[in-house]
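Here the structure is laid out as structure tokens; the discussion comes afterwards.
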Amino acid sequence: MSSDLRPDLRQQVTLLDLVDRVLNKGVVLSGDITLSVADVDLVYVGLRVLLASVATLEEQGMPVAIGDALR
Amino acid sequence: MIHVYGIVDELDSLPPLEGLDDAPLERRRVDDLELVVSEVPREEVTQEAVLRHAEVVEALMSRSRAVLPAQFSRPFSGDEELVSAVTAKAPELGQRLHRVRGCVELGLRVVAPKAETVPEAKSGAEYLRARLGEEHRRSQLVAQLDEPLARLSQETAGGAAGSDVFERAYLVRAEDVPTFINAVRELEAANPELSLACTGPWPPYSFGAETTK
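In structure tokens, the structure reads:
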């Protein structure tokens, strides 16, 4: 259960989800070789982006589901 | 070279952010579509670049009616290449943009517990039966988790069940997000042996192309 995950593990899950989305999902415009998660060095884990996204959505009055993944 | 962040619908104004390598963000119109791009000096993928890309997409999401995030890939050599690539896909991109309007993406990742140890098989056939039983149990479980969530979604993507992980993305109308979260909580309560992680709301990264449902 997500609530049982340790906070650092939750952050890793969310960061992995983020990097996976940016590199492997998203609309493909060029026909060029795409990159994969393995190409990116994930030693340092920054949560700035995720926190920013939570703040943005809260400003818009949208419910924030990320809480479970971050807290 | 040109890096594309995404295709936007009715973008208010550019967010007060810099793009990759701190280059200024720019709006570019191609066909009927508007793109947000920035010049990049070289092709380089770093974690910082990936996070910056994500940050820009996130900011665009809050300033426009809809965003189709672009996949982080090799940059375009110049305007000409960008225009021809986007023009070729313009009708499809326009449709997708319309489809994701008012929606966010929610991700679900389920980790199943290790299969109960199959009793020592006396024969190959017995072993196969046990394996098939396990497969069946797993696919039933996936269907049971997916069905109520798919009902609350406009579209779903992914979900190729790995050996013990199930991952899926759901395109959910913003107003349906609380209901979706409640449904995940119910599934969690009903399946205490599973690890469920629900992430998001994300920009609709997984819905740039035609998907199931």
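Chains H and F, in that order, are what the protein sequence lines are.
Adding 2 to a residue's 1-based position in the first sequence gives its number in our numbering.
Adding 221 to a residue's 1-based position in the second sequence gives its number in our numbering.
For every residue, glycine included, the Cβ atom is placed at its ideal position computed from N, Cα and C.
Remember, it's a predicted structure, so these values are computed and weren't measured experimentally.
According to DSSP, is Gly354/F part of a helix, a strand, or is it coil? Residue numbering aside, residue 354/F sits at position 133 when the second sequence is read from its first letter. Correct three-state label for Gly354/F: helix.
Cutting at 7 angstroms between CB atoms, please list the residues of its own chain near Asp252/F, excluding the five before and the five after it. Walking along the second sequence from the start, residue 252/F turns up at place 31. Cβ within range, chain order: Val307, Thr308, Ala311.
Note down, in chain order, all residues in the region 277 to 290 of chain F with a beta-carbon under 9 angstroms from any beta-carbon belonging to chain H. Val278, Glu279, Ala280, Met282, Ser283, Leu289, Pro290
Please confirm whether Thr223/F and Val29/H have their CB atoms less than 8 angstroms apart. Your numbering for residue 223/F matches position 2 in the second sequence. Your numbering for residue 29/H matches position 27 in the first sequence. Before going on, a small fix: residue 223/F reads as Ile here, not Thr. Not in contact: Ile223/F and Val29/H (Cβ atoms no closer than 8 angstroms).
Identified DSSP bridge partners for His224/F: Stepping through the second sequence from its first residue, residue 224/F is reached at position 3. DSSP output for His224/F lists Ser259/F as bridge partner(s).
Would a check of beta-carbon distances place Gln292/F closer than 8 angstroms to chain H? Position 71 of the second sequence, counted from the first residue, corresponds to residue 292/F. Yes - at least one Cβ of chain H is within 8 angstroms of the one on Gln292/F.
With C-beta atoms as the reference, is Val438/F less than 8 angstroms away from Leu366/F? In the structure as shown, chain F starts at 222 and stops at 434, and residue 438/F therefore has no counterpart that could be examined.
At which residues does the alpha helix (DSSP H) containing Ala270/F begin and terminate? Residue numbering aside, residue 270/F sits at position 49 when the second sequence is read from its first letter. That run of the alpha helix (DSSP H) goes 268 to 284.
Could you tell me which uninterrupted alpha helix (DSSP H) segments, each at least 4 residues in length, are contained entirely in the region 293 to 331 of chain F, listed from first to last along the chain? 300 to 320
Given Gly323/F as reference, the closest of Thr267/F, Glu264/F, Ala287/F once Cα atoms are compared: Within the second sequence, numbered from 1, the residue matching residue 323/F stands at position 102. With distances taken between Cα atoms, Gly323/F lies closest to Ala287/F.
Just checking my contact of Ala390/F with Val24/H at CB under 8 angstroms: how many whole Å lie between their CB atoms? Position 169 of the second sequence, counted from the first residue, corresponds to residue 390/F. Position 22 of the first sequence, counted from the first residue, corresponds to residue 24/H. At roughly 14 angstroms, the Cβ-Cβ gap does not stay under 8 angstroms, so Ala390/F and Val24/H are not in contact.
C-beta neighbour in chain F for Ala71/H, strict 8 angstroms: Within the first sequence, the letter at position 69 stands for residue 71/H. In this predicted model, Ala71/H has a pLDDT of only 35, less than 50, meaning its place in the structure is not dependable; the value taken from the coordinates is given anyway. Chain F contact via Cβ: present.
For chain H, check one thing: does any of its Cβ atoms lie closer than 8 angstroms to the Cβ of Ile228/F? As a first step, residue 228/F is located in the second sequence; it is residue number 7 there, counting from the start. Closer than 8 angstroms to some Cβ of chain H, the Cβ of Ile228/F qualifies, so yes.
With a threshold of 6 angstroms on Cβ separation, who are the neighbours of Thr249/F within its own chain once the five nearest residues in sequence on each side are excluded? Against the second sequence, residue 249/F aligns to sequence position 28. Note that residue 249/F is Arg in the sequence shown, not Thr. Hits under 6 angstroms: Leu256, Val258.
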